[in-house]
Each structure stands twice: as C-alpha cells, then as structure tokens.
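As structure tokens, the structure follows; a few thoughts come after it.
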Ligand code: ADP
Ligand code: AMP
C-alpha cells in the first residue's frame, strides 16, 4: 500500500499516520520529521533547512526531493509506505512520480484530510510532541495522562518552534499558494480521496483505515 496524506498544517496527518502505519505495518515517511532530525543533529542539510523551517517557509524542492528519493529506495518501502507532508509543490509531485516510476512502484491513493482553516491555529498552537518517540498530543484535544509527559514512553513533551501564531500564518499561506493546487493535480489523476478531518481523532482513523482496507 503506497499512500500519500495531504492536508494543511494541523489537519492531523502525523496523528493519523502513527495509527495507520501501526495497523498496516508500513514505514511512515515525514519530510518534516526528517528536517527536524537533521536540524537537531546540525548536519549541513539541517543547517540549510533551518533557515526555511524557522520562518515557516517551504524548504527548496531539490533538498526535499533528495530526502524522499533516498528514503523510498530503502528495502523497507518494498511492502509499502505512507508519505506525510510530501509532496507539497507541483514540482515535488512531478519528482515523486519520476522516483516511483524508476523504482517500479506506483502511488495507489492520496488521502486529503479536509479541515477548515478556522480549526488550524488552535490545533497547531496546542500541539505537543514527545522528544523521545515523536508521538503527538494536544493540550486540549488529545492531552497526555500526565501534563508534559508522553503516555507511551514517559518522554518529555515539547512545543515545536514553528507552532507559534506568527509562523502558523506563514505556513498556512505557503499551503494555500503552493500545496493546495496538488488537490486538483491528484484529482485529475483519479487518486484523490477526501476524509473529513474535523471529526474526532478516532472517527478520522476509522474512516481512513476502512478506506485503505477497501483498497488492500
Ligand atoms: P499535521 O501532521 O497535519 O500537521 P498533527 O497530526 O500534528 O497535524 O495534528 C495537529 C494537532 O492537532 C496535534 O496537536 C493533534 O493532537 C491535534 N489533532 C489531530 N487530529 C485532531 C482531531 N481530529 N481533532 C482534534 N485535534 C486533532
Ligand atoms: P511539517 O512537520 O510537515 O509540518 O513540516 C515542518 C516544516 O518542514 C515545514 O513548514 C517546511 O518548512 C518543512 N517541510 C516539510 N516537508 C516539506 C516539503 N515537502 N517541502 C518543503 N518543505 C517541507
């Protein structure tokens, strides 16, 4: 099962990806996670990416495409993969199509988590992430049992530096200008399926998982 999750920042892609990869036993490939890991390790790519991520801007396509090209060639992707946060531009979608072709694979479905912009600020500013295992929480909508502590691994929760009101505005503008056109791109290729991401977390998971079971 080769799947793409699309949707604006805060739509719930990462939250749903955690659940779906565990059910379908496929790797979760998040370009945002890859950039944060490279930034915290201080690699040359991480240092370059930081200049964009910290401003809420998209990282240039050549850097981002290179990460995905390398990752999809790994043997664990042979049983399928879930792309979260990639592609985000038409040039990235074209590159992805070329990458999967060259690997003899194909994208089977693009799931758009549809959430109105009015929900996103509260979701993003209340997001907390585990420093150790990367699990995602929300201070109101999905709180951990003990404040600031991960339920799964007891790791410390932190707030992303780009989850501030100021950066969220830029990130949503980037989404509208550069990423939203991909909905039409995948609609034309008959790959797009829409899920209402405004429902509670469990209901969204149920809908995605039954959609994917229908395709398996
Ligand atoms: P994305 O990966 O699309 O940017 P996340 O999965 O990180 O979004 O979700 C953003 C925030 O919203 C997180 O704090 C998460 O706990 C919360 N969240 C995710 N899905 C829902 C939902 N269906 N209802 C309410 N809050 C949600
Ligand atoms: P995310 O974790 O998906 O919210 O991504 C966090 C940040 O990483 C984004 O605001 C961008 O700066 C960068 N990023 C992640 N994925 C991409 C991508 N496909 N193209 C360009 N930049 C990206």
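In my numbering, the protein residues as written are 24 to 239. Glycine is no exception: its CB is placed at the ideal position from the N, C-alpha and C atoms. Since the model is a prediction, treat every value here as computed from it, not as a measurement.
- Relative to residue 111, the option among 220, 214 and 28 whose CA is nearest is 28.
- For residue 234, the shortest separation between its Cβ and any heavy atom of the ligand AMP does not lie below 7 Å.
- DSSP places residue 28 in the uninterrupted beta strand (DSSP E) bounded by 25 to 29.
- Residue 161 and residue 171 do not touch by the CB rule: their CB atoms are close to 13 Å apart, not below 8 Å.
- A straight line joining the alpha-carbon of residue 211 with that of residue 178 spans about 43 Å.
- Relative to the non-hydrogen atoms of the ligand ADP, the Cβ of residue 25 never comes closer than 7 Å to any of them.
- By the Cβ test, the stretch 58 to 72 is not in contact with the stretch 128 to 144, since fewer than three Cβ pairs between them sit closer than 8 Å.
- For residue 57, the three-state secondary structure derived from DSSP is helix.
- Per DSSP, residue 159 is one residue of the beta strand (DSSP E) stretching across 159 to 161.
- With respect to the C-alpha of residue 109, the residue from 31, 181 and 188 having the closest C-alpha is 31.
- For residue 175 and residue 183, the gap between their C-alpha atoms comes out near 19 Å.
- If you compare the alpha carbons of 56, 48 and 24 with that of residue 36, the shortest gap goes to 56.
- In terms of Cβ geometry, residue 200 and residue 103 do not form a close pair [threshold 8 Å].
- Excluding the 5 residues flanking it on each side, residue 61 has same chain C-beta neighbours closer than 7 Å at 68, 69 and 72, in chain order.
- Here residue 239 is exposed, its C-beta having fewer than 16 other C-beta atoms within 10 Å.
- Shown here, residue 107 sits in a strand according to DSSP, grouped into three states.
- Per the C-alpha coordinates, the member of 94, 81 and 218 positioned closest to residue 49 is 94.
- The continuous alpha helix (DSSP H) containing residue 147 extends over residues 140 to 148.
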